[in-house]
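Residue numbers (my numbering), protein chains in the order written: chain X, 1029 to 1189; chain G, 1029 to 1189. All C-beta atoms in this analysis are idealised placements derived from N, C-alpha and C, irrespective of residue type, glycine included. What follows is a set of notes on a single structure, which appears directly below.
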DNA sequence: ATGATATTGTTTCCTTGTCAACAATAAAAA
DNA sequence: TTTTTATTGTTGACAAGGAAACAATATCAT
């Protein structure tokens, strides 16, 4: 197995394990709320004027899925929607009291996760850290470019149909 | 944002982008087969005596989901099941001709993906590469330990109920 | 200003996966 | 051996998310 594969498999495996483990803990601490809802809350709390489209892009999900999710969350009283006077189309979300409370719990949990995994990061040197980050940044930019290309191809194809 | 967060977010973002992009390409090249099916084929091709349980563990999915997936794949003629003379319970899978053909296409696609992302890896030094891999290995082992702990807790909790 | 195009959010239908209960078999304990 | 426990795979009810069609609004080109 070569470099590329090893690194990609490493990414995938670590990410999967992390998601599995944290999801488990989270749904235990935040009973009654799904991990999707909690992610949504997290995003809304740190991005002003969040809307369906931005949430969907950030989570790699469809607008339809987010639309349903946020609708449920409004009904549950976790978030509320608002609009701007000069735009009758876009609908934004902000957290309610309840949403903020959940967010607080989630933040604490987050710290707990960091504490749990602290040892893994302890003896990374600054140099190692920087080299990893710059690699990831490069990778990410590359993928963005490829995704953009793909987007163009999709559009082109639709144009021909 | 601290080291841990940056790295984790990097993992997540790269992984998501990669999945999104490759899935897209794959379902374009392998029309009629879902990416789950292709992953299954990949696993079965490189693990002798694959069964529902092993597939489920490897994909972080439930046995139920894999059971349905493999059932469909058998019906489609992509894989076939077999048993061993001394075990009437376990059911194993292997690829059919058709499954092998799909696997071949997938492997080629895989090479294509590697070629696409080659540039990103080009100027990583051996040292950088080794340090990343050893970090990931450490992280992975840590998560395995934590997952195992979690498992114990689950069991304990059930015992009390 | 007006007509064409793009964006935003919603809904319906469908697929995929989870959960929980289950039967069949295997493994372990008595 | 017999009994108990664990493992394996399956199913049905359900929930989450994707795809596509849609209406409403905004943006752009002319």
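C-alpha of residue 1104 (chain G) to C-alpha of residue 1116 (chain G): approximately 24 angstroms in a straight line.
Residue environment analysis places residue 1065 (chain X) among the buried positions, since at least 16 neighbouring C-beta atoms fall within 10 angstroms of its C-beta. Closest option to residue 1107 (chain G), judged by alpha-carbon separation, among G:1139, G:1113, G:1120: G:1120.
Not a single CB atom of chain G sits nearer than 7 angstroms to the CB of residue 1114 (chain X). Going by DSSP, residue 1133 (chain X) is part of the alpha helix (DSSP H) stretching over 1125 to 1150. A straight line joining the alpha-carbon of residue 1128 (chain G) with that of residue 1073 (chain G) spans about 8 angstroms.
For residue 1044 (chain X), the secondary structure class from DSSP, reduced to helix, strand or coil, is helix. Judged by their CB atoms, residue 1042 (chain X) and residue 1131 (chain X) are not nearer to each other than the 7 angstroms cut-off. With respect to chain G, the C-beta atom of residue 1170 (chain X) has a partner C-beta closer than 7 angstroms.
Cβ-Cβ separation between residue 1058 (chain X) and residue 1071 (chain X): approximately 16 angstroms, too far for a contact (criterion under 8 angstroms). For residue 1040 (chain X), the closest Cβ of chain G is nearer than 7 angstroms. In this structure residue 1094 (chain G) is buried. Its beta-carbon is surrounded by 16 or more other beta-carbon atoms within 10 angstroms. For residue 1046 (chain G), the closest of G:1141, G:1149, G:1156 by C-alpha to C-alpha distance is G:1141.
The C-beta of residue 1070 (chain G) comes no closer than 7 angstroms to any C-beta of chain X. DSSP, reduced to helix, strand and coil, places residue 1106 (chain X) outside both helices and strands of the structure shown, so it counts as coil.
When Cβ-Cβ separations below 7 angstroms define contact, residue 1049 (chain X) makes contact with chain G. Using a 10 angstroms sphere on the CB of residue 1164 (chain X), the tally of other CB atoms reaches 16 or more, which defines it as buried.
In this model, residue 1160 (chain G) and residue 1037 (chain X) are separated by some 12 angstroms (Cα to Cα). With contacts defined by Cβ atoms closer than 7 angstroms, residue 1051 (chain X) and residue 1149 (chain G) do not form a contacting pair. Along the segment 1081 to 1092 of chain X, the positions whose C-beta sits under 8 angstroms from a C-beta of chain G are 1088, read in chain order. Taking the Cα of residue 1096 (chain G) as reference, the smallest distance to any Cα among G:1110, G:1112, G:1111, G:1079 is reached at G:1079. Scanning X:1033, X:1049, X:1039 for the CA closest to the CA of residue 1172 (chain G) turns up X:1049. With a threshold of 16 other beta carbon atoms within 10 Å, residue 1098 (chain G) meets it and is buried. Distance from the Cα of residue 1076 (chain G) is smallest, within the candidate group G:1055, G:1155, G:1109, G:1166, for G:1109. Within a 10 Å sphere around the beta-carbon of residue 1088 (chain G) sit fewer than 16 other beta-carbons, which makes this residue exposed. Contact between residue 1143 (chain G) and residue 1170 (chain X) is absent: CB atoms are separated by about 13 angstroms, not below the 8 angstroms threshold.
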